[in-house]
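Colleague:
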Amino acid sequence: MSGVKDRLLTTIADQLGNPHGVLGRGVAFVLNRGNRRAIAAAVEAAEPGDGTTVADIGFGGGVGLTLLLDRIAPGGVVHGVEPSPDMRSRARSVFAHELASGRLVLDDGSLTALPFEDAALDAAITVNTIYFLDDLPAACAELARVLKPGGAVVVGIGDPEAMAKMPFTPYGFTLRPVDEVVAALTAAGLTVTQRSLPNPPIPHHLLIARKS
Ligand SMILES: C[S@@+](CC[C@H](N)C(=O)[O-])C[C@H]1O[C@@H](n2cnc3c(N)ncnc32)[C@H](O)[C@@H]1O
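Per UniProt numbering, the very first residue in the sequence shown carries number 1; after that it's consecutive.
(1) Under the three-state reduction of DSSP, which class applies to D122: helix, strand or coil?
(2) Using the DSSP secondary-structure output, state which residues sit across from A164 in a beta bridge.
(3) For S93, name the three-state secondary structure that DSSP assigns.
(4) Contact check, G189 vs A119 under 8 angstroms by CB: the rounded distance?
(5) G64: which of G75, D108, A46, T11 sits nearest, CA to CA?
(6) Can you give me the start and stop residues for the beta strand (DSSP E) that R7 sits inside?
(7) Does the count of Cβ pairs from the stretch 51 to 60 and the stretch 110 to 126 closer than 8 angstroms reach three?
(8) Could you spell out where the beta strand (DSSP E) holding I157 opens and where it closes?
(9) Take the Cβ of H97 as the centre, count every other Cβ of all protein chains shown within 10 Å, and call the residue buried at 16 or more, exposed below.
(10) Give the straight-line distance between the Cα atoms of V4 and G156, rounded to the nearest whole angstrom.
(11) For P83, is the beta carbon positioned less than 8 angstroms from some heavy atom of ligand 1?
(12) Go ahead and label K211 buried or exposed: buried means 16 or more other beta carbons lie within 10 angstroms of its beta carbon, across all protein chains shown.
(13) Check for me: the alpha helix (DSSP H) holding L68 runs from which residue to which?
(14) Is M166 near ligand 1, in the sense that its beta carbon is under 8 angstroms from a heavy atom of that ligand?
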């Protein structure tokens with residue numbers, strides 16, 4: 001019985017870190033529903049302005065792309081970066097119109113290897129992604145590299161204590177204290193302010209990291 005349970009929880013954690021295949025379609029739907037409020041708050045905190053160049057890194061089901069597209073005026077561009085080929089493929093069909101118009105660009109990539117020139121972005125969000133990183137300082141340095149001076153990245157994470165109570169997180173998530181994430185962003189040269197979101201289903205923390 002515990003072998004079955006282990007396999008199930010491993011599958012859930014694996015899908016959340018790399019949504020793929022038939023199950024990945026359901027995961028995309030669940031992510032968009034469950035994380036919408038946290039992602040909307042991250043978009044709000046990133047303050048994407050008219051005509052700016054912004055990104056959602058690790059967009060999963062893509063609700064963040066929709067919310068960013070709603071916020072940028074004509075002339076702005078949203079970049080979606082996602083290592084999962086199936087999530088990129090899904091986004092290509094959901095956002096065919098926005099891709100054709102050039103308002104949206106989709107790229108393969110990782111937080112530790114972003115497909116951008118230095119100082120390319122006015123703002124970025126990355127929500128519920130850093131659990132799947134081995135090297136957080138490298139990701140923070142990469143985020144700092146691609147931001148324009150004055151730009152901000154909003155890193156959204158589930159509250160580590162609440163996340164630790166979820167049965168699948170021991171099967172592949174790295175849960176870091178909020179202070180450790182703040183310290184890594186600060187060490188990368190960013191100035192961090194925090195916002196807590198007590199909303200269900202999981203309380204989140206937004207770390208708003210600005211480049212001076
Ligand atoms: C739990 S999902 C979160 C998706 C979405 N941001 C949300 O909050 O609903 C994690 C996403 O991060 C992506 N991911 C995993 N490793 C990543 C990395 N190193 N860099 C960027 N994204 C990554 C996964 O492919 C997946 O789509």
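Idealized CB from N, CA, C, for every residue including glycine.
Modeller: The answer reads as follows:
(1) Correct three-state label for D122: strand.
(2) Per DSSP, none; premise fails for A164.
(3) Secondary structure of S93 (DSSP, three-state): helix.
(4) At roughly 13 angstroms, the Cβ-Cβ gap does not stay under 8 angstroms, so G189 and A119 are not in contact.
(5) A46
(6) That residue, R7, is in no beta strand (DSSP E); its alpha helix (DSSP H) goes 2 to 17.
(7) yes
(8) Bounds of the beta strand (DSSP E) holding I157 are 147 to 158.
(9) exposed
(10) 32 angstroms
(11) yes
(12) By the C-beta density criterion, K211 is buried, having at least 16 other C-beta atoms within 10 angstroms.
(13) 63 to 71
(14) no
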